[in-house]
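Comments concern the structure below.
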Amino acid sequence: LRAALARSPAAASARAPTAFLPLPPRARRLNPAVLASGRGRRIRAEATARTRQEKEQQEAEVSAVEDSFAVREAAAAPPPEEEGGFDEELTLAGEDGDWVVRFEQSFNVFLTDTVIFILDILYRDRDYARFFVLETIARVPYFAFISVLHLYETFGWSRRADNIKVHFAESMNEFHHLLIMEALGGNSVWLDRFLARFSAFFYYFVTVGMYMLSPRMAYHFSECVERHAYSTYDKFLKLNGEELKKLPAPEVAVNYYMNEDLYMFDEFQTSRAPNSRRPKVDNLYDVFVNVRDDEAEHCKTMKACQTHETLRSPHAVQSSIEADAE
1 LRAALARSPA
11 AASARAPTAF
21 LPLPPRARRL
31 NPAVLASGRG
41 RRIRAEATAR
51 TRQEKEQQEA
61 EVSAVEDSFA
71 VREAAAAPPP
81 EEEGGFDEEL
91 TLAGEDGDWV
101 VRFEQSFNVF
111 LTDTVIFILD
121 ILYRDRDYAR
131 FFVLETIARV
141 PYFAFISVLH
151 LYETFGWSRR
161 ADNIKVHFAE
171 SMNEFHHLLI
181 MEALGGNSVW
191 LDRFLARFSA
201 FFYYFVTVGM
211 YMLSPRMAYH
221 FSECVERHAY
231 STYDKFLKLN
241 GEELKKLPAP
251 EVAVNYYMNE
261 DLYMFDEFQT
271 SRAPNSRRPK
281 VDNLYDVFVN
291 VRDDEAEHCK
301 TMKACQTHET
311 LRSPHAVQSS
321 IEADAE
């Protein structure tokens, strides 16, 4: 025993086998005769107590680390409402609300229903052409919002960098939707291209005037348009789901949802944390599911713009998640 204790700690550790919970130095390489004696039983008891204490301490540390993982995962998890679908019903202001708000929303609903009625007549059995027209028009409001906000900044009336950033990300998302519909042949007819672009040109100036008069009204009208787009894609998926699963996805859709930098893709989804939504693109059905879900995120962002004084970029709150202790 004296010879074993006289060895240097470095030599003892070099001879000891590698283990996750090493035994105390006094419990290593003991003579069997010593272990059979009363002193040996005391040494074994001390070694067992130390081993149990070290194990309990390490289990407590592991438990603390696992608890921190749960906190961070909960902070970055998507809202639970995403799994339950999207509410397609448009909620108007109650009877006790401001009469101006009720008038604005009623006018927007009437205007949206009128446009939908015209599109139903022109594109009853031509889905891709209808989608091309919708996406050409849908990206116009965000550019109109940016134009007005940039004008206000130029005159020094207001400065809302996050609004411009989010609206630009929304415009980029709608632009890729338009590229997808063009890849599917939605713009093959000259008359469809003329109608979509003429409507977008007219719609731009209407939106600019509406946004300068009442940003709340302009945001609500965009919400109505996006809700119609969501409903249109959702019905299309339910009617043609099996056929779409047999068709390949366009290359532009694969590049946008999987291969490109997704910073701007996260930017327009103000209701969720960045990196919490990563779509899959295995076939054409997945493409239309992603486009439909994008429209739902646009609706949520437009709804937030009506109630919040200043819109916040999703990446502006990322620092609070990263600041969690490691």
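Residue numbers (the UniProt record's numbering): 1 to 326.
Backbone N, C-alpha and C define an ideal beta-carbon position, used for all residues, glycine too.
If you draw a straight line from the C-alpha of S271 to the C-alpha of S313, how long is it?
Numbered from its first residue, the sequence shown carries residue 271 at position 271. Numbered from its first residue, the sequence shown carries residue 313 at position 313. Cα to Cα, the separation comes out at about 10 Å.
Quick check: what's the CA-CA separation for R278 versus D293?
For this step, residue 278 is matched to residue 278 along the sequence shown. For this step, residue 293 is matched to residue 293 along the sequence shown. Taking the straight line joining both Cα atoms gives about 11 Å.
Pairs of beta-carbons, one from the stretch 249-269 and one from the stretch 173-189, closer than 8 Å: are there three or more?
Enough Cβ pairs lie closer than 8 Å, so yes.
What does the Cβ neighbour count give for V189, buried or exposed, with the cut at 16 atoms within 10 Å?
Taking the sequence shown and counting its residues from 1, the one referred to as residue 189 is at position 189. Answer is exposed; the Cβ neighbour count stays below 16.
Rank V133, N173 and Y219 by C-alpha distance to the C-alpha of T307 and give the top, closest one.
In the sequence shown, residue 307 corresponds to position 307, counting from 1. Ranking V133, N173 and Y219 by Cα distance to T307 puts Y219 first.
If you draw a straight line from the C-alpha of E104 to the C-alpha of P248, how long is it?
To locate residue 104, count along the sequence shown from 1; it is residue 104. To locate residue 248, count along the sequence shown from 1; it is residue 248. Using only the alpha carbons, I get a separation of about 43 Å.
Pick out whichever of E174, E135, V133 and R216 has its Cα sitting closest to the Cα of M302.
Walking along the sequence shown from the start, residue 302 turns up at place 302. Minimum Cα distance to M302 is reached at R216.
Pick helix, strand or coil for L247, following the three-state DSSP scheme.
Within the sequence shown, residue 247 is the residue found at index 247, counting from 1. Coil.
Can you look up A64 in the DSSP assignment and give me helix, strand or coil?
Locating residue 64 in the sequence shown gives position 64, where the first residue counts as 1. Only weak support exists for where A64 lies, its pLDDT of 44 falling under 50; the value from the coordinates is given anyway. Note: A64 maps to helix in three-state DSSP.
Using a threshold of 8 Å, state whether the C-beta atoms of V140 and L119 are closer than that.
Here residue 140 corresponds to residue number 140 of the sequence shown, with the count starting at 1. Here residue 119 corresponds to residue number 119 of the sequence shown, with the count starting at 1. It is not a contact, given that the beta carbons lie outside the stated cut-off.
Please determine, among F145, T112 and D286, the residue with the shortest C-alpha to C-alpha distance to F205.
Here residue 205 refers to the residue found at position 205 of the sequence shown. Taking only the C-alpha atoms, the option nearest F205 is F145.
Any chance the stretch 155-166 sits against the stretch 262-271, with 3 or more Cβ pairs inside 8 Å?
Contact holds: three or more Cβ-Cβ distances are below 8 Å.
Can you name the start and end residues of the alpha helix (DSSP H) that residue 332 belongs to?
As displayed, the chain neither begins before 1 nor continues past 326, which places residue 332 out of reach and without an answer.
So is V208 buried or exposed if we call it buried at 16+ other beta carbons inside 10 Å?
To locate residue 208, count along the sequence shown from 1; it is residue 208. Buried, since its Cβ has 16 or more Cβ neighbours within 10 Å.
Whole angstroms are fine: how far does the CA of L311 sit from the CA of N275?
The residue labelled residue 275 in the question sits at position 275 within the sequence shown. The residue labelled residue 311 in the question sits at position 311 within the sequence shown. The alpha-carbon atoms of N275 and L311 are separated by roughly 19 Å.
Among T136, D125 and V100, which has the Cα closest to the Cα of E226?
In the sequence shown, counting from the first residue as 1, residue 226 sits at position 226. Closest by alpha carbon: T136.
What are the boundary residues of the alpha helix (DSSP H) that N108 is part of?
In the sequence shown, residue 108 corresponds to position 108, counting from 1. Note, N108: alpha helix (DSSP H), W99 to L122.
By the DSSP assignment, the alpha helix (DSSP H) with Q306 in it spans what residues?
Taking the sequence shown and counting its residues from 1, the one referred to as residue 306 is at position 306. Start and end: L284 to T307.
Hey, would you say A229 sits closer than 8 Å to E295, going by beta carbons?
Numbered from its first residue, the sequence shown carries residue 229 at position 229. Numbered from its first residue, the sequence shown carries residue 295 at position 295. Contact flag set, yes.
Could you name the residues of the same chain whose beta carbon sits closer than 6 Å to that of T232, not counting the 5 residues immediately before and after it, in chain order?
Walking along the sequence shown from the start, residue 232 turns up at place 232. Excluding sequence neighbours, T232 sits near nothing in its chain.
Helix, strand or coil for E170, going by three-state DSSP, please let me know.
Along the sequence shown, read from residue 1 onward, the residue named residue 170 stands at position 170. In the structure shown, E170 sits in a helix (DSSP, three-state: H, G or I).
Quick test of your reading: D127 and F236, contact by CB under 8 Å. State the CB separation rounded to the nearest angstrom.
To locate residue 127, count along the sequence shown from 1; it is residue 127. To locate residue 236, count along the sequence shown from 1; it is residue 236. That belief holds up - the Cβ atoms of D127 and F236 are roughly 6 Å apart, short of 8 Å.
Under three-state DSSP, which class holds T232?
Here residue 232 is taken as the residue at index 232 of the sequence shown, counted from 1. If DSSP states are grouped into helix, strand and coil, T232 belongs with the helices.
What's the C-alpha gap between F117 and V148?
Sequence index remark: in the sequence shown, residue 117 carries index 117 (1-based). Sequence index remark: in the sequence shown, residue 148 carries index 148 (1-based). Each residue's Cα considered, the two are about 30 Å apart.
For G156, which three-state DSSP category applies?
To locate residue 156, count along the sequence shown from 1; it is residue 156. It is coil, neither helix nor strand.
Cα separation between V287 and V281?
As a working note, residue 287 is residue 287 in the sequence shown. As a working note, residue 281 is residue 281 in the sequence shown. If I take the Cα positions, the gap works out to 6 Å.
When we look at the beta-carbon of E223 and count the other beta-carbons within 10 Å, is it buried (16 or more) or exposed?
By one-based count along the sequence shown, residue 223 stands at place 223. So E223 ends up on the buried side.
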